[in-house]
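In terms of my numbering, the numbers along the sequence shown are unbroken and rise by one, the last being 461. Ideal Cβ positions, reconstructed from N, Cα and C, are used throughout, including at glycine. Let me begin by presenting the structure, written as structure tokens, before commenting on it.
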Amino acid sequence: MATASPPSPPPPAAPPPPPSRPPIEPVRSRRSQAARSLALGALGLVVLVLAFIIFGGSGGATYHLIFAEGDQLVKGDQVQVGGVPVGSVTNLELTKNFQAKVTIHVDSSLTPLHEGTVAQVRVPSLSSVANRYIQLSPGPNNNRALSDGATLPATATREVTDLDALFNTLNPQTRKGLQQFIQGSAEQYVGAGKQLGESTEYFAPFLSASNHFFAELVRDQPTFTSFLVETAKAVTTIAARKEALSDLIANANTTFQAIGSAQSQFAAGLKELPLTLHAGNKAFAELPSTFQALTELVEASKPTSKPLTALFDSLHGLVTTGTEPITNFANAFSRPGPNNDLTDLANVLPSLYKRLVTASPAVVQGEKESVPITAFFGPYAPDLAGTLRTFGQSGAYYDGNGGYARVSPILPSFSLSENTLTPTTPQQALANLKTEQLRRCPGAATQPAADGSSPFADSELTCDPSEVP
-7 MATASPPSPP PPAAPPPPPS RPPIEPVRSR RSQAARSLAL GALGLVVLVL
43 AFIIFGGSGG ATYHLIFAEG DQLVKGDQVQ VGGVPVGSVT NLELTKNFQA
93 KVTIHVDSSL TPLHEGTVAQ VRVPSLSSVA NRYIQLSPGP NNNRALSDGA
143 TLPATATREV TDLDALFNTL NPQTRKGLQQ FIQGSAEQYV GAGKQLGEST
193 EYFAPFLSAS NHFFAELVRD QPTFTSFLVE TAKAVTTIAA RKEALSDLIA
243 NANTTFQAIG SAQSQFAAGL KELPLTLHAG NKAFAELPST FQALTELVEA
293 SKPTSKPLTA LFDSLHGLVT TGTEPITNFA NAFSRPGPNN DLTDLANVLP
343 SLYKRLVTAS PAVVQGEKES VPITAFFGPY APDLAGTLRT FGQSGAYYDG
393 NGGYARVSPI LPSFSLSENT LTPTTPQQAL ANLKTEQLRR CPGAATQPAA
443 DGSSPFADSE LTCDPSEVP
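Encoded structure:
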């Protein structure tokens, strides 16, 4: 049965504080002030750290590079690693031994550098007044770190590969011919620079028009294939009648000689040429409209010149990479000095041929006559190979007196009879050894193989299969 408890009496009233004592500050208020002070201090510390990072300096390290020459480097040129800028050139000096001392600053993201780092001057794709940068190839991280201000010697730097280096790989005759070609081209276009510049504007449209021409040519594949096949048949037919073709050329030569001998008639024909040109004025009068159409074609084809620019940019890397292979290729064919290239080899081939013609029959005859003698050693090839293979193992020990080998004979000092070891005499130990086995067959020096392949006995071999250990 539930019962109800009597109500509890009200709590006694708290006595009022004495009026003379000042009020006491709550504890919670003091803790809030301490937290706010701590937060303001942390915020100030973060501001100081950010200010040091932003205004305290760029960090990184400075290194000195020794080059054989300056390679047109200037202050401010980039320092790159894998195509990403990581620093810049800060100073260039001339050393006492007339080398270029280049000072670079590398960002802290890449420092410190390690031993094995290689620096090379490279040329970007686009040409300019200062078109150089330094390419760094950092050394392994497990190598010793380079301190700030360290110097990379000339052995750890590489100069830029200029176009002159490619020309130096050519022999003097080739360079002289190339020089004459360039000079002749300059003489040909002297005074015609403006016309040459105007003509180059038509080069890109010419490529585009050629592309369209070949696209139209091969659009109908069956017809184009038939054209190639029929052309090949025609050329084959003409080649089969080469004698008739030779007679045709000879007769044409005779015809032209006859025309040349008729100078008076040829002169009369030249007098009639102005009349012919005058009759062609109508066709020439229509050329301006044709050129106007070509100009519009050029303007419409200018965007297609961008792929050509990309091609020239790619050729720079090809020229740089191909310098060393071209040098080796040129040296393989023509190197200064006797008997050191393929040209000298080709020169001695006739004399080698003459000697082989006289010496080869005798060598072949000698090898045929030696076959019956050398055939005896064929079955013993494994034994000979084993001798050569294990010979060095037994004689591979050395001391102060030279090479030595330990030889220890092992003889059965005991005999087993009825589970008992009985000492034997030296005569009893040597009783089972066999001598005078001078005609063993190949493979008879060890236990016979399970498949019966050894010892090897052949009717042509004068060996005794019974001579086994």
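Where do the ends of the alpha helix (DSSP H) carrying residue i lie?
i: L220; result: Q213 to A232
i: E361; result: L334 to T366
i: L188; result: G185 to T192
i: S306; result: K298 to T313
i: L170; result: P164 to Q180
Use the C-beta contact count for residue i: other C-beta atoms within 10 angstroms, 16 or more gives buried, fewer gives exposed.
i: D69; result: buried
i: L188; result: exposed
i: I174; result: exposed
i: T454; result: exposed
i: F248; result: exposed
i: L489; result: The structure shown does not extend to residue 489, since the chain spans only -7 to 461, so no value can be given for it.
i: A141; result: The sequence shown places Gly at residue 141, not Ala. With fewer than 16 Cβ atoms within 10 Å of its Cβ, G141 is classed as exposed.
i: A196; result: buried
i: G435; result: buried
i: L128; result: buried
i: S293; result: buried
i: A236; result: exposed
i: T149; result: buried
i: S200; result: buried
i: V518; result: Residue 518 cannot be examined here, being either before or after the span of the chain that is shown, -7 to 461.
i: R20; result: The pLDDT assigned to R20 is 49, lower than 50, so where the model puts this residue is not dependable, and the model offers no usable value.
i: P447; result: buried
i: I365; result: exposed
i: P130; result: buried
i: A111; result: buried
i: F59; result: buried
i: V473; result: Past the edges of the chain, shown from -7 to 461, lies residue 473, and the structure says nothing about it.
i: A92; result: buried
i: P14; result: With a pLDDT of 48 at P14, under the threshold of 50, the modelled position of this residue cannot be trusted; read the value that follows with caution. P14 is exposed by the Cβ-count criterion.
i: V76; result: exposed
i: V113; result: buried
Starting from the C-beta of residue i, find all residues in its chain whose C-beta is less than 6 angstroms away, skip the five residues before and the five after it, and write them out in chain order.
i: R136; result: E107
i: Q64; result: R124
i: T143; result: H56
i: A449; result: C433 and P457
i: T103; result: G52 and A53
i: T95; result: H56, T82 and N83
i: V340; result: none
What is the residue span of the beta strand (DSSP E) that residue i lies within?
i: L199; result: Where L199 is concerned, there is no enclosing beta strand (DSSP E), although the alpha helix (DSSP H) it sits in stretches over F195 to L209.
i: R114; result: V110 to R114
i: T282; result: Element bounds for T282: not the beta strand (DSSP E) but the alpha helix (DSSP H), L279 to S293.
i: E151; result: Run containing E151: none; DSSP gives neither H nor E here.
i: K88; result: It is not in any beta strand (DSSP E) - K88 carries neither H nor E in the DSSP assignment.
i: L269; result: First-last for L269: L265 to A271, but that is the alpha helix (DSSP H), not the beta strand (DSSP E).
i: L105; result: No beta strand (DSSP E) holds L105; DSSP gives it neither H nor E.
i: L128; result: Y125 to S129
By Cβ distance, which residues of its chain are closer than 7 angstroms to residue i, with the 5 residues on each side in sequence left out?
i: P116; result: N123 and Y125
i: A297; result: This sequence places Ser at residue 297; Ala is not what is there. Result list for S297: A196, in chain order.
i: Y345; result: none
i: P132; result: H106 and G108
i: F216; result: L209 and V210
i: L334; result: A324 and F325
Please work out which residues of its chain come closer than 8 angstroms, Cβ to Cβ, to residue i, disregarding the five sequence neighbours upstream and downstream, and give them in chain order.
i: S445; result: G435
i: E193; result: V290
i: F276; result: none
i: V98; result: G52, A53, T54, Y55, V71, V78, G79, L105 and L128
i: N245; result: none
Sufficient close CB pairs (3 or more, under 8 angstroms) joining the segment 131 to 145 to the segment 69 to 87: no
What ranges does the beta strand (DSSP E) occupy inside the segment 408 to 461, keeping only unbroken runs of at least 3 residues that lie completely in it? 412 to 415
Write down every uninterrupted run of the alpha helix (DSSP H) in the segment 46 to 70 whose length is 4 residues or greater and which is fully enclosed by it, in chain order. none
Closer than 8 angstroms is the cut-off here; do at least three beta carbon pairs connect the segment 318 to 327 with the segment 214 to 229? no
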